[in-house]
Amino acid sequence: MKEILIQKIAIYGLSRAADLIVELAGGKINQKIQDNYPLKINDQKIILNKDKLRNHLGLDISNNQIDQTLIILKFLFYF
Numbered sequence: 051m052k053e054i055l056i057q058k059i060a061i062y063g064l065s066r067a068a069d070l071i072v073e074l075a076g077g078k079i080n081q082k083i084q085d086n087y088p089l090k091i092n093d094q095k096i097i098l099n100k101d102k103l104r105n106h107l108g109l110d111i112s113n114n115q116i117d118q119t120l121i122i123l124k125f126l127f128y129f
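The sequence shown begins at 51 in this note's numbering and counts up one residue at a time.
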């Protein structure tokens, strides 16, 4: 089954990394992440084939596990 994913840019990864530093290493966030890139970056759409993903990872994971992982990573997706 294929879903189209709307790829989120690096700001979400940076935010998650900062949260993990606070949680795991006792860090402190002094200010919000700022996006100073001069040009607007449009969301990109990709097609994900879950069977190919399972084969590539070598894991037998359910569609629900894949969906939940994408949600945790803050990917927007639709069927």
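Don't be surprised by glycine CBs; every beta carbon is placed ideally from N, CA and C.
- What first and last residue would you give for the alpha helix (DSSP H) that runs through Asn-86? Within the sequence shown, the letter at position 36 stands for residue 86. Careful: Asn-86 lies outside any alpha helix (DSSP H) and carries neither H nor E.
- Message: Please report the distance separating the alpha-carbon of Gly-108 from that of Asn-86.
- Response: Locating residue 108 in the sequence shown gives position 58, where the first residue counts as 1. Locating residue 86 in the sequence shown gives position 36, where the first residue counts as 1. In a straight line, the C-alpha of Gly-108 is about 39 Å away from that of Asn-86.
- Exposed or buried, which one is Met-51 when buried takes at least 16 other CB atoms within 10 Å? Here residue 51 refers to the residue found at position 1 when the sequence shown is read from its first residue. Low local confidence applies: a pLDDT of 45 at Met-51 is under 50, so the model's placement there is unreliable, with the coordinate-based value given in what follows. Met-51 comes out exposed.
- Message: I need the straight-line Cα distance from Asn-113 to Asn-105, nearest angstrom please.
- Response: Taking the sequence shown and counting its residues from 1, one reaches residue 113 at position 63. Taking the sequence shown and counting its residues from 1, one reaches residue 105 at position 55. Roughly 13 Å separates the two Cα atoms.
- Item | Inter-residue Cα distance where the pair is Tyr-62 and Asn-80 | For the purposes of this step, residue 62 is identified with residue 12 of the sequence shown, where counting begins at 1. For the purposes of this step, residue 80 is identified with residue 30 of the sequence shown, where counting begins at 1. Looking at the two C-alpha atoms, the distance is approximately 17 Å.
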